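Under the numbering used here, residue 1123 is the last one in the sequence shown; the count climbs by one each step, no gaps.
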Amino acid sequence: MTIKERYQQVIDYFLHDAPDAETELIYDSPYQLLVAVVLSAQCTDKRVNMTTPDLFARFPNPRALARATAEDIFPYIKSISYPNNKAKHLAGLGRMIMEDFNGEIPMTVDELVRLPGVGRKTANVITSVIDSQPNMAVDTHVFRVAARIGLTTGAKTPLAAEKQLTRHIPKELIHKAHHWLILHGRYTCTARIPHCDRCGLRAVCRFYNRRSAKATSVSPHGK
């Protein structure tokens, strides 16, 4: 199977099986999504969604956040992983949005990564979700799933995986493909024990086919 054929079969599967895949973070504005994604680093979306209602009620926009200190923010996010660092990031983020971007959430990767607590992955999420830009956010789920299926080969870093994925996925589908892969990794191709028995990508998955080939090469007596 060529890499082009593998990608096409994977894309066809997701277009049929998960055409409306989207982020599980709950938000009502670019500002809310940005804050939620910053909080989601090494934390579950479920926990973030439990935390953000009170946070957004207290700090409903960048202006309100810019007036806050890390100490003001901390009580609202103390159940989130690394709350001290994230409180500092959010305080700085609010100030920079007001001072450097006139209160508007920037919508380019280069501008977004200037904000405290915002790396390339977060910037790619914001631009792809809000503006449907062809940017691929590679988190641990995407990195793992892409490698297992065989969409990436030898990628040692998220950036390397991102470059391979965006090279082969049609530009108009890249903003959707992030959600396809992350949700597949979250619920089916899980880290410790992938649920291959219920996966519709077995036929094209390198990980599954290698494991199956290895299993069939062993006799019932283990010889």
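Glycine is no exception: its CB is placed at the ideal position from the N, C-alpha and C atoms.
Note that this is a predicted model, so its numbers are computed, not measured.
- Restricting attention to LYS988, VAL1042 and LEU965, the CA atom closest to the CA of HIS1084 is found in VAL1042.
- Contact check for ARG1044 against CYS1089 passes: the beta carbons are separated by less than 8 Å.
- Excluding its 5 nearest sequence neighbours in each direction, TYR1108 has C-beta neighbours in its own chain below 6 Å: CYS1096 and ARG1102, listed in chain order.
- A Cβ-Cβ distance of about 16 Å is found for the pair ALA941 and TYR927, leaving them out of contact under the 8 Å criterion.
- According to the DSSP assignment, PHE956 belongs to the alpha helix (DSSP H) that extends over 945–958.
- When DSSP states are grouped into helix, strand and coil, ASN984 belongs to the helix group.
- A straight line joining the alpha-carbon of CYS1105 with that of GLN932 spans about 36 Å.
- Three or more beta-carbon pairs drawn from the segment 1031–1041 and the segment 1053–1066 are found closer than 8 Å, and the two stretches are therefore classed as touching.
- Excluding the 5 residues flanking it on each side, HIS1068 has same chain C-beta neighbours closer than 8 Å at ILE903, LYS904, TYR907 and LEU1051, in chain order.
- For HIS916, the closest alpha carbon among the candidates GLY1100, SER1112 and ALA1113 is that of GLY1100.
- A check of alpha carbon separations from PRO1016 across ASN985, ILE1093, THR944 and ILE973 identifies ASN985 as the nearest.
- Only residues of its own chain outside the window of five on either side were considered, and among them LYS986, HIS989, LEU990, LEU993, GLY1017, VAL1018 and THR1022 have a CB closer than 8 Å to the CB of VAL938, listed in chain order.
- Sequence-distant partners of ILE980 (beyond 5 residues in either direction) whose C-beta falls short of 8 Å from its own C-beta, in its chain, are LEU939, CYS943, ARG947, VAL948, THR951 and LYS986.
- In the assembly as shown, SER1032 is an exposed residue. Its beta-carbon has fewer than 16 other beta-carbons within 10 Å.
- Under the 8 Å Cβ criterion, the segment 995–1002 counts as touching the segment 953–967, having at least three qualifying pairs.
- Distance between ARG1098 and GLU971, taken at the CA atoms: about 46 Å.
- Judged by DSSP in its simplified three-state form, ALA968 adopts coil rather than helix or strand.
- The shortest C-alpha to C-alpha distance from SER1028 to any of PHE914, GLY1054 and HIS1079 is the one to HIS1079.
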